[in-house]
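Residue numbers (this note's numbering), protein chains in the order written: chain A, 1 to 466; chain Z, 1 to 466. For glycine and all other residues, C-beta sits at the position ideal for the given N, C-alpha and C. Worksheet: the structure to be examined is printed underneath.
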């Protein structure tokens, strides 16, 4: 490892220019969801290409089924072959800015002012999600190159324009062009710190499958005055089946559901326990008070490391005002299952469907509709060199261990990298929940930008040999 | 008892005129549900008033909140005081006739022709429901009066015009005018025979209550990626509660639900068993095959003599196309309970609500919405003098015992008579399922009309002293 001191000094010394460049990028209203802004998306992408080229990268736009994809590549002069090949990912598209009247300053005219907590921040749509964040890596690379003349790894920078909208565009592109990206690891800068003092690396994401089941009984809706009693009622049948999915302790009873689910490493559990997650406040914010999931697991573990079965919607029979004494011909439930690493989405869907069929009484049938968009749970080993490098670097910068957090949701790009490029992603980000991603007055604290750039410099240093 | 032979002879002798009068009444398109036909309703009612007056009854129209009510009264000359006071009920309003293109002859131009089975019938809307049926009693009274000069009881004839639409009009009228009708028993002619050879008296009707329950959990819909696990899911909670309402044998588990339910008299059960009800075919017609109600009871008993709990509708969460990984803030079910004699609708609703509340986990609440229209189950003792008289008369006419059948539904007028006039109803009718009440080509077999008139003459005879 090369000590990054001279690079950190360079970063701090030219930091006003870094801020200026971030603001330049923020001025493009690159709202990919709005066709009226597709020109702005292209202009933002072209700005990035120019910026990447100015660092000496080969850079250009690649066509996708959506917005243009910024791709830059770098091979260190001379000893490129042996160096690892790193992929860095960010996105230049942003959420729509409305409602505009809730913004203090115009969303696409970045303004630097003090936030409520007194700290200086850049206020603009995309400030933290993800333009400010993606620039942390670019600014670190720029400073490193200025000081050392070369990066210690091969690098591909990939900055997409469809993250907020349709993730399938990048997935389709990667599926068709995987051979162009023989990378060893991916770094993604689009996540949050645990809190303002504690950096975080997300090593766990839950996957998801969706399925719809319709239980059918009588050929037509029946009058409950005539048939009430002997007629089978699909709503009752469906309710019984849904009620059977969880036992009294919240554990899912579908045979084979937990196959492949590994226990949480004790070290990780200990780390999570030490976070003192305020479950009561977290739930209190949405009108709840008690973690209702699997007993024996903390709320964090329920969200980050345990699979679930949920009913997202249900309908059947009469749903209008007043009453109608009908026995319905069918009833439907929409379910989703959050999955963790080790669970096979196809096997889970199959097991669920068998579970339903096994519980159908005579005269009832079930039909199913795959909800699509399957994703698998992901858990990155904490001991990969990439994670290890990031942990050391973040500890050096922040003076405390980075928390290895989880996410209850899936991040499509992580899934796409895993599926098509066969690499794990290292999710390191410097945003915070309070920064208001997707909300009016979105911001990125100046200090987050600076610490982010410095962190990436320290991560780069981990790969540099003296 | 006076032997009715001379009256029966009179009935048969003048039968062509009876048919003609039925056809006259059928020519009024008295569709109360269609405001364009309210004039026809009034004309039908006025025709009935004239006809009743022609028999020597005091007759006129009473105003209701709906169509005019035909009311006629008769007191036998001289010895009126001691005679029982009988109420006869029918209705002159009919179902709409559409789809018109499915009728062989015009629905309001009654045609006498042979039906599919070769028997002669009057084809018209209202032929069996209820104009042909109500005329059986009027024709019998007319013949009796012609032969004997007086009826053996005080009589009120009540023929309403809102039976097919809004039953609350007659109920409101009876509530406000009960004192005008100090009757001892009501006879209603609006039901069916068991089969073409077997007369039937309906002595059991199920009541009904409706209730809606909404289970609420989180304050807003939640993202299952974040909250899936610790968040309470109201659809799951509601499903669990609905699933708990019945045990594995189909018995309802709500505490106190069966309070007051009497076992079926063994004689009646034996009579029902002897009917050899074709449950398989009855269910097969709607795509089912096995009675799914309480085990240990026949399909007939499940329909006629056992209370039920049914879910008529359910909804919650996402119900659009595709998937949405949402945890819903609430879920709603609409339920109805068919009740038998002895069950108190208010107690059942209270017990159901307690049953729900007792099963709510922390963080969930339930709110309820009374569906209205409560009715109680009714069982008329088979040993009242009115039922006994009808059974003897029907046996004499048809040469076989009348079956004491039940109905799974409620008949609002029976409920209104019970509630406001404090009398049981004797439900005797001569229609058959094949006659197509409410359907195109509705008919009333000529022979049903004749046997119906003769049956009423025999019932009247039961009250006459030599």
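Item to complete: Specify the secondary structure class of residue 73 of chain Z as computed by DSSP and reduced to three states.
Response: Of the three classes helix, strand and coil, the one that applies to residue 73 of chain Z here is strand, per DSSP.
Worksheet entry | According to DSSP, residues forming a beta bridge with residue 310 of chain A | Note: residue 310 of chain A is bridge-paired with A:336 in the DSSP secondary-structure output.
Worksheet entry | Within chain Z, partners of residue 310 of chain A - CB distance below 7 Å | Result: 224, 228, 233 and 327.
Worksheet item: Would a check of beta-carbon distances place residue 74 of chain Z closer than 8 Å to chain A?
Response: By this cut-off, residue 74 of chain Z is not an interface position.
Worksheet item: Between which two residues does the alpha helix (DSSP H) harbouring residue 368 of chain A extend?
Response: Note, residue 368 of chain A: premise wrong, no alpha helix (DSSP H); beta strand (DSSP E) at 365-370.
Item to complete: Could you give the DSSP three-state label for residue 402 of chain Z: helix, strand or coil?
Response: When secondary structure is reduced to three states using DSSP, residue 402 of chain Z falls in the coil class, being assigned neither helix nor strand.
Worksheet item: Got a sec: which bits of the region 286-317 of chain A sit with their beta carbon under 7 Å from any beta carbon on chain Z, in order along the chain?
Response: Here the close residues are 286, 287, 288, 289, 290, 291, 292, 293, 299, 302, 303, 306, 308, 310, 311, 312, 313, 314, 315, 316 and 317.
Fill in: Test: residue 261 of chain A CB closer than 8 Å to a CB of chain D
Of the chains in the structure shown, none is chain D; the protein chains are A and Z.
Fill in: DSSP state of residue 215 of chain Z mapped onto helix, strand, coil
DSSP places residue 215 of chain Z in strand when its eight states are reduced to three.
Fill in: Length at least 4, wholly inside the region 385-459 of chain A: the alpha helix (DSSP H) runs in chain order
The region 385-459 of chain A contains these whole alpha helix (DSSP H) runs: 385-398 and 412-416.
Worksheet item: Around the C-beta of residue 367 of chain Z, are 16 or more other C-beta atoms found within 10 angstroms, so that it is buried, or is it exposed?
Response: The C-beta of residue 367 of chain Z has fewer than 16 other C-beta atoms within 10 Å across all chains shown, which makes the residue exposed.
Discussion item. Can you confirm whether residue 414 of chain A, when its beta carbon is compared against all beta carbons of chain Z, has any partner nearer than 8 Å?
Written reply: Output row for residue 414 of chain A: interface = no.
Item to complete: For residue 220 of chain A, go through chain Z and note every residue whose CB falls closer than 7 Å to its CB, in chain order.
Response: Contact note: residue 220 of chain A reaches chain Z through 286, using a C-beta cutoff of 7 Å and chain order.
Item to complete: For the beta strand (DSSP E) holding residue 85 of chain A, just list the boundary residues, first then last.
Response: Run containing residue 85 of chain A: 85-91, per the beta strand (DSSP E) assignment.
Discussion item. When you compare the CB of residue 373 of chain A with every CB in chain Z, is at least one pair closer than 8 Å?
Written reply: Chain Z contact via Cβ: present.
Discussion item. Does residue 276 of chain Z pass the burial test, meaning 16 or more other C-beta atoms within 10 Å, or should it be called exposed?
Written reply: Answer is exposed; the Cβ neighbour count stays below 16.
Worksheet item: What's the C-alpha gap between residue 200 of chain A and residue 402 of chain A?
Response: Rounded to the nearest whole angstrom, the C-alpha separation of residue 200 of chain A and residue 402 of chain A is 5 Å.
Worksheet entry | Contact test: residue 355 of chain A Cβ vs the ligand FAD heavy atom, cutoff 7 Å | As presented, the structure is devoid of all ligands, the ligand FAD included, so that no description of it is given.
Worksheet entry | Residues within the region 340-356 of chain Z neighbouring chain A, beta-carbon criterion of under 7 Å | Considering only beta carbons, no part of the region 340-356 of chain Z lies closer than 7 Å to chain A.
Discussion item. Any C-beta of chain A within less than 8 Å: which residues of the region 357-370 of chain Z qualify?
Written reply: The residues in question are 361, 362 and 363.
Worksheet item: Does the beta carbon of residue 3 of chain Z sit closer than 8 Å to a beta carbon anywhere in chain A?
Response: It does not; no Cβ of chain A falls within 8 Å.
Worksheet item: Given 8 Å as the limit, is there contact between the region 125-140 of chain A and the region 11-28 of chain A, that is, 3 or more CB pairs closer than that?
Response: In the pairwise beta carbon analysis, the region 125-140 of chain A is classified as touching the region 11-28 of chain A: at least three pairs are separated by under 8 Å.
Worksheet item: DSSP state of residue 273 of chain A, grouped into three classes?
Response: Per DSSP, reduced to three states, the secondary structure at residue 273 of chain A is helical.
Worksheet item: Going by alpha carbons, who is nearest to residue 397 of chain A out of A:338, A:453, A:189 and A:425?
Response: Residue A:453 holds the alpha-carbon nearest to the alpha-carbon of residue 397 of chain A among A:338, A:453, A:189 and A:425.
Fill in: Extent of the continuous beta strand (DSSP E) to which residue 154 of chain Z belongs
Going by DSSP, residue 154 of chain Z is part of the beta strand (DSSP E) stretching over 154-160.
Worksheet entry | Members of the region 391-422 of chain A near chain Z, C-beta cut-off 9 Å | In summary, the residues of the region 391-422 of chain A whose CB is separated from some CB of chain Z by less than 9 Å are 407, 408, 409 and 410, in the order they occur in the chain.
Discussion item. Short of 7 Å Cβ to Cβ, which residues in the region 168-190 of chain Z face chain A?
Written reply: So the list is empty, because no residue satisfies the distance condition.
Worksheet entry | C-beta neighbour in chain Z for residue 97 of chain A, strict 8 Å | Not closer than 8 Å to any Cβ of chain Z, the Cβ of residue 97 of chain A fails to qualify, so no.
Worksheet entry | Complete runs of the alpha helix (DSSP H) confined to the region 183-239 of chain A [at least 4 residues] | Along the length of the region 183-239 of chain A, whole alpha helix (DSSP H) runs at least 4 residues long occupy 224-227, reported in chain order.
Discussion item. So, with DSSP's three-state summary, where would you put residue 246 of chain A?
Written reply: Residue state, collapsed to three classes: strand.
Practice prompt. Helix, strand or coil for residue 330 of chain Z, going by three-state DSSP, please let me know.
Written response: DSSP places residue 330 of chain Z in the strand class (E or B) of the three-state scheme.
Worksheet item: In the structure shown, what three-state DSSP assignment does residue 350 of chain A receive?
Response: Shown here, residue 350 of chain A sits in a helix according to DSSP, grouped into three states.
Worksheet entry | Partners in chain Z for residue 431 of chain A, counting only beta-carbon separations shorter than 7 Å | Going along chain Z, no residue has its Cβ under 7 Å from residue 431 of chain A, so there is no contact; the nearest lies around 16 Å.
Discussion item. Can you tell me where the beta strand (DSSP E) holding residue 123 of chain Z begins and where it ends?
Written reply: Per DSSP, residue 123 of chain Z belongs to the beta strand (DSSP E) from 120-123.
Item to complete: List the residues that DSSP assigns as beta-bridge partners of residue 315 of chain Z.
Response: Residue 315 of chain Z is bridged to A:315 and Z:332.
Item to complete: Name, please, each residue of chain A whose Cβ falls closer than 9 Å to the Cβ of residue 275 of chain Z.
Response: In chain order: nothing, as chain A lies at least about 15 Å away.
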